[in-house]
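Position one of the sequence shown corresponds to residue 36 (the numbering used here), numbered consecutively onward. All C-beta atoms in this analysis are idealised placements derived from N, C-alpha and C, irrespective of residue type, glycine included. Read through the structure below, which is laid out as structure tokens, and then see the notes.
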Amino acid sequence: MLSSARFENSLISPGCTINGTVIRSILGPGCIVDAGAIIRDSILFDEVHVEEGATIERSIIDEKVVIGKQALVGGGAKRDITMIGKKIKIAPGTHVPAGEKISPKRIKD
């Protein structure tokens, strides 16, 4: 962890790398939170990568998701929970509004 890392009232699972800020959240094993990233009031499943400067608020993020640099997931005046499905990649700078539900594409056999 860098000296800039900060977490409070959170459950951080083994194998996480925290270089940003985590507040009132739960992080599953193997999560990476880059410098300048903020996670607040959220649940992240296994191996989620939150890139530099991204913000996640009031969200549930499934496993192996990548939140790109400077992206914003949830938050704002609307208090609804935002949900991001397994293996989704949120592009840098993207804003996913509060209450949005993004599920993985279903692949037909």
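Chain-order list of residues whose beta-carbon lies under 7 Å from that of residue i (same chain, five-residue window excluded)
i    : result
T129 : G103, A106
S138 : G120
D53  : Looking at the sequence provided, one finds Ile at residue 53 rather than Asp. Cβ within range, chain order: M36, A40, F42, I47, V68.
T117 : R93, S94, V108, G109, V131, A133, G134, E135
E87  : D69, A70, G71, A72, K104
D115 : A133, G134
CB of residue i within 8 Å of CB of residue j, strictly
i    : j    : result
G55  : D81  : no
K124 : V101 : yes
R93  : D76  : yes
I78  : V85  : no
A89  : G110 : no
Close Cβ partners of residue i (< 8 Å) along its chain, the five nearest in sequence each way excluded
i    : result
E98  : G63, F80, D81, E82, V83, K121, K122
K113 : P132, A133, G134
For residue i: DSSP bridge partner residues
i    : result
K168 : No answer is possible for residue 168: it lies beyond the span of the chain, which begins at 36 and ends at 144.
T90  : I73, L107
R41  : T56
Same chain only: Cβ atoms within 6 Å of residue i, ignoring 5 sequence neighbours per side
i   : result
S60 : S45, I74, S77
I96 : L79, V83, I119
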